[in-house]
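What follows is a short report on a single structure.
Number of protein chains: 2
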Amino acid sequence: MHVADRLIAAVEDKTAPVCVGLDPVLGRMPDPICRAGGPLEQFRKFTFGVLDAVSPLVPAVKFQSACYERYGSGGVGVLNDAITYARELGLLIILDGKRADISQSAEHYAAAAFDAVAQDGHPDLITVNPYLGSDGVLPFIMERNDGRSVGAFVLVRTSNPSGDAIQAARLESGLTVAEHVASRVAEWGKQSIGQRGYSALGAVIGATKGIEGRSLRELMPEQMFLVPGYGAQGGSADDVRAMFKSDGTGAIVTASRSVTYPEQAPGEPWRDAVARAARSLIDSIRSVIAA
Amino acid sequence: MHVADRLIAAVEDKTAPVCVGLDPVLGRMPDPICRAGGPLEQFRKFTFGVLDAVSPLVPAVKFQSACYERYGSGGVGVLNDAITYARELGLLIILDGKRADISQSAEHYAAAAFDAVAQDGHPDLITVNPYLGSDGVLPFIMERNDGRSVGAFVLVRTSNPSGDAIQAARLESGLTVAEHVASRVAEWGKQSIGQRGYSALGAVIGATKGIEGRSLRELMPEQMFLVPGYGAQGGSADDVRAMFKSDGTGAIVTASRSVTYPEQAPGEPWRDAVARAARSLIDSIRSVIAA
Numbered sequence: 001m002h003v004a005d006r007l008i009a010a011v012e013d014k015t016a017p018v019c020v021g022l023d024p025v026l027g028r029m030p031d032p033i034c035r036a037g038g039p040l041e042q043f044r045k046f047t048f049g050v051l052d053a054v055s056p057l058v059p060a061v062k063f064q065s066a067c068y069e070r071y072g073s074g075g076v077g078v079l080n081d082a083i084t085y086a087r088e089l090g091l092l093i094i095l096d097g098k099r100a101d102i103s104q105s106a107e108h109y110a111a112a113a114f115d116a117v118a119q120d121g122h123p124d125l126i127t128v129n130p131y132l133g134s135d136g137v138l139p140f141i142m143e144r145n146d147g148r149s150v151g152a153f154v155l156v157r158t159s160n161p162s163g164d165a166i167q168a169a170r171l172e173s174g175l176t177v178a179e180h181v182a183s184r185v186a187e188w189g190k191q192s193i194g195q196r197g198y199s200a201l202g203a204v205i206g207a208t209k210g211i212e213g214r215s216l217r218e219l220m221p222e223q224m225f226l227v228p229g230y231g232a233q234g235g236s237a238d239d240v241r242a243m244f245k246s247d248g249t250g251a252i253v254t255a256s257r258s259v260t261y262p263e264q265a266p267g268e269p270w271r272d273a274v275a276r277a278a279r280s281l282i283d284s285i286r287s288v289i290a291a
Numbered sequence: 292m293h294v295a296d297r298l299i300a301a302v303e304d305k306t307a308p309v310c311v312g313l314d315p316v317l318g319r320m321p322d323p324i325c326r327a328g329g330p331l332e333q334f335r336k337f338t339f340g341v342l343d344a345v346s347p348l349v350p351a352v353k354f355q356s357a358c359y360e361r362y363g364s365g366g367v368g369v370l371n372d373a374i375t376y377a378r379e380l381g382l383l384i385i386l387d388g389k390r391a392d393i394s395q396s397a398e399h400y401a402a403a404a405f406d407a408v409a410q411d412g413h414p415d416l417i418t419v420n421p422y423l424g425s426d427g428v429l430p431f432i433m434e435r436n437d438g439r440s441v442g443a444f445v446l447v448r449t450s451n452p453s454g455d456a457i458q459a460a461r462l463e464s465g466l467t468v469a470e471h472v473a474s475r476v477a478e479w480g481k482q483s484i485g486q487r488g489y490s491a492l493g494a495v496i497g498a499t500k501g502i503e504g505r506s507l508r509e510l511m512p513e514q515m516f517l518v519p520g521y522g523a524q525g526g527s528a529d530d531v532r533a534m535f536k537s538d539g540t541g542a543i544v545t546a547s548r549s550v551t552y553p554e555q556a557p558g559e560p561w562r563d564a565v566a567r568a569a570r571s572l573i574d575s576i577r578s579v580i581a582a
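So the protein sequences, as listed, match chains A and B. When you number the first sequence by this note's numbering, it's gap-free, plus one each residue, and the end is 291. When you number the second sequence by this note's numbering, it's gap-free, plus one each residue, and the end is 582.
The structure is reproduced here in structure tokens:
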């Protein structure tokens, strides 16, 4: 099945356009049970614990590659095992690697993500950077040897304040750089459209850029939006609403620490608190869409 | 010593502003001696063979991370060993990883590059992508725990044709996106200037964009330029000349396959042909600067 169709089906199956992000950081583990053992053991407990807690609730998880790469080949090993486990749990998998290179090198990164690094449990989608143009993006839209369709979310408008220095600059055409990139992404994505009308090439749009969200939504009618920044980073319900189409499709909201580092009630096990935080996020997004 | 001062000293020591890039690709190994054994063995022979051949001639080498990452933790292991060996040979080391992420995640990538992945032989500089703004760039300018200064080359103007779609778009201000990025890089780089007047933050400027080279050189007086695309990709001597200042400093030209996949004379060992190709490149660049 086309990767965009798989993503939509997964969201519909859970009635929750929500993704949980895994960004483990040593020394900031959220619970004593995660803090036992060496770094790799801590990462494994945290990652598998979150997957167990959220897999009945959400359609997708996102792994922050940098957090695992930091611990060398051992960290990459934990990441690969976690991707394999997430696949067994039926989750759709996004690798937040923010890769981009030109032509042949981009193909190597695509192979690293979709073939070699995670042979048993490759991701379904990876995040990529648009600055190098189509060369850096299109190699990530592909069919694996086993026939599985995979794709990418292009960083169009990021949630961090310093992104404005480049992305908010205004072109002669009247578009911002981000809007210009959006128009390119819309064009690049036309080569792979699923049956539900969405492309294998999606876009990352920070929830903190809500006013621009409407313009970006119009410029990219066939792109699924991956939306970070809701809640903790300051994105509001209105900001998030602009990312969805009127039929309630078109976006998936991703949250990391607000779910994986939840406030625990006295005596409440960490995994139960993670599940509770995930349910709370889902309820919040459902009410945003329904409003 | 400040990383920019180390780079300048290395160039002066060899009187050659030239870097050799290593981009091993299985099935395209340049010589029968590289093609024996399994993938990792082939990569190791190719990489160490090039390092042996060029280390007496050039100041710096550049490793294309994607090529090694493609072969998982084993490939990363070969890369780490090669970085350690290049350090022993006295070479300055550039890791072409084209990383960028926001704030905390960028710090993880910086740690992955400069601390964890290559504890014994970390690179001196890494290539980074500017699209996320200063958040994605500044974490790579740092001092390691051992006091060693490290830095980054920001992708400002890439040599691939499809980069024009974003980088050549013109802003209301009259600057292209690449020129705008250049002005940001010049500002970001001011926080770490070495004794020779160059920043720990350099710029990647493709030799195929020669006309723009002069404008970018003016916008970034304190940036060292890493210049790919000379020769094979179509960059001319005039294109390259625009990258240097009138005193002959300011740029380092990087070439990969034209050096590492040389034409071999009948009976000529591959390593000898690699050294000959490196000397030919050095002569060519010296005459460009002298002209």
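Cβ coordinates follow ideal geometry from the N, Cα and C atoms, glycine included.
Span separating the alpha-carbon of residue i from that of residue j
i                : j                : result
Asp296 (chain B) : Ile384 (chain B) : 14 Å
Phe354 (chain B) : Lys14 (chain A)  : 44 Å
Ala581 (chain B) : Arg532 (chain B) : 9 Å
Val467 (chain B) : Gly368 (chain B) : The sequence given here has Thr at residue 467 (chain B), not Val. Near 40 Å, if we compare the C-alpha coordinates of Gly368 (chain B) and Thr467 (chain B).
Phe516 (chain B) : Asp23 (chain A)  : 34 Å
Arg390 (chain B) : Ala403 (chain B) : 11 Å
Thr525 (chain B) : Ser575 (chain B) : First, the amino acid is wrong: residue 525 (chain B) is Gly here, not Thr. In a straight line, the C-alpha of Gly525 (chain B) is about 15 Å away from that of Ser575 (chain B).
Cys358 (chain B) : Ser65 (chain A)  : 17 Å
Gly465 (chain B) : Ile502 (chain B) : 16 Å
Gly38 (chain A)  : Glu513 (chain B) : 43 Å
Tyr71 (chain A)  : Glu172 (chain A) : 44 Å
Gln395 (chain B) : Ser483 (chain B) : 20 Å
Ala165 (chain A) : Leu132 (chain A) : 18 Å
Gly557 (chain B) : Pro452 (chain B) : The sequence shown places Pro at residue 557 (chain B), not Gly. Each residue's Cα considered, the two are about 36 Å apart.
Gln555 (chain B) : Tyr400 (chain B) : 39 Å
Leu507 (chain B) : His471 (chain B) : 10 Å
Thr375 (chain B) : Leu382 (chain B) : 10 Å
Own chain, CB closer than 8 Å to residue i, minus 5 neighbours either side, in chain order
i                : result
Ala274 (chain A) : The residue asked about is misnamed: residue 274 (chain A) is Val in this sequence, not Ala. Excluding residues within five positions, the ones whose Cβ falls inside 8 Å are Gly49, Val50, Ala53, Val54, Val259, Thr260, Pro262.
Arg577 (chain B) : Thr306, Ala307
Ala116 (chain A) : Residue confidence for Ala116 (chain A) is low, a pLDDT of 46 falling below 50, so the modelled location carries little weight and cannot support an answer.
Asn129 (chain A) : Lys98, Arg99, Ala100, Gly136, Val154, Leu155
Arg214 (chain A) : Ala242
Glu398 (chain B) : Pro430
Residue span of the alpha helix (DSSP H) that contains residue i, given as start and end
i                : result
Lys353 (chain B) : From DSSP, Lys353 (chain B) is part of no alpha helix (DSSP H) but of the beta strand (DSSP E) over 351-355.
Ser549 (chain B) : 548-551
Gly340 (chain B) : 330-345
Ala566 (chain B) : 561-581
Ile8 (chain A)   : 3-14
Ile166 (chain A) : 164-167
Close-in-space but distant-in-sequence residues of the same chain around residue i (CB under 6 Å, 5 per side omitted)
i                : result
Ala528 (chain B) : Val579
Cys19 (chain A)  : Ala60, Lys62, Ile252, Thr254
Lys45 (chain A)  : Cys34
Ala178 (chain A) : Val156, Arg157, Gln167
Ala86 (chain A)  : Leu51, Val61, Ile93
Phe43 (chain A)  : Pro24, Val78
Residue i - containing beta strand (DSSP E), residue span
i                : result
Ile102 (chain A) : Premise fails: Ile102 (chain A) is in no beta strand (DSSP E) and is neither H nor E.
Thr467 (chain B) : No beta strand (DSSP E) holds Thr467 (chain B); DSSP gives it neither H nor E.
Arg532 (chain B) : Unbroken run through Arg532 (chain B) is the alpha helix (DSSP H), 528-532; no beta strand (DSSP E).
Leu155 (chain A) : 149-157
Val311 (chain B) : 309-313
Gly363 (chain B) : Careful: Gly363 (chain B) lies outside any beta strand (DSSP E), inside the alpha helix (DSSP H) at 363-379.
Ala494 (chain B) : 492-496
Thr418 (chain B) : 416-419
Val227 (chain A) : 225-227
Chain-ordered neighbours of residue i on chain E, where CB pairs are closer than 7 Å
i                : result
Thr158 (chain A) : Among the chains of the structure shown, chain E does not appear; the protein chains present are A and B.
Close Cβ partners of residue i (< 7 Å) along its chain, the five nearest in sequence each way excluded
i                : result
Val3 (chain A)   : Asp124, Leu125, Ser149, Val150, Gly151, Ala200
Arg562 (chain B) : Gly340, Asp343, Ala344
Glu69 (chain A)  : Gly75, Val76
Ile393 (chain B) : Leu423, Asp426, Gly427
Practice task
Determine contact between the region 527-542 of chain B and the region 310-320 of chain B, defined as no fewer than three beta-carbon pairs at a distance below 8 Å.
Solution key: Taking a contact to require three or more Cβ pairs closer than 8 Å, the region 527-542 of chain B and the region 310-320 of chain B do not qualify as touching.
Problem - Three or more C-beta pairs below 8 Å linking the region 520-534 of chain B and the region 481-497 of chain B - result: Between the region 520-534 of chain B and the region 481-497 of chain B, the count of Cβ pairs shorter than 8 Å is three or higher; the stretches touch.
Practice task
Give the residues from the region 84-103 of chain A that approach chain B closer than 7 Å (Cβ to any Cβ), ordered along the chain.
Solution key: Across the region 84-103 of chain A, CB contacts with chain B closer than 7 Å involve Lys98, Ala100, Asp101, Ile102, Ser103, in sequence order along the chain.
Practice task
Select from the region 127-146 of chain A all residues with a C-beta closer than 7 Å to any C-beta belonging to chain B, and list them in chain order.
Solution key: Under the 7 Å Cβ criterion, the region 127-146 of chain A contributes Asn129, Pro130, Tyr131, Leu132, Gly133, Ser134, Asp135.
Problem - the region 438-446 of chain B in contact with the region 151-165 of chain A per 3-pair CB rule at 8 Å - result: No, the region 438-446 of chain B does not touch the region 151-165 of chain A.
Problem - Residues of the region 171-202 of chain A with Cβ closer than 7 Å to any Cβ of chain B, in chain order - result: Going along the region 171-202 of chain A in chain order, one finds Leu171, Glu172, Val177, His180, Val181, Arg184 with a Cβ nearer than 7 Å to chain B.
Exercise for the section: Can you give me, in chain order, the residues of the region 340-367 of chain B that have a beta carbon less than 7 Å from any beta carbon in chain A? Expected result: Cβ contacts with chain A come from Gln355, Ala357, Cys358, Glu360, Arg361, Tyr362, Gly363, Ser364, Val367.
Problem - the region 226-248 of chain A: positions lying closer than 7 Å to chain B by Cβ - result: Going along the region 226-248 of chain A in chain order, one finds no residue with a Cβ nearer than 7 Å to chain B.
Handout entry: Near-chain B residues of the region 266-282 of chain A (beta-carbon distance less than 9 Å), N- to C-terminal order
Key = Residues passing the 9 Å Cβ filter: none.
Practice task
With 8 Å as the C-beta to C-beta threshold (strictly closer), list the residues of the region 494-508 of chain B near chain A in chain order.
Solution key: Taking 8 Å as the Cβ-Cβ cut-off against chain A, none of the residues of the region 494-508 of chain B qualify.
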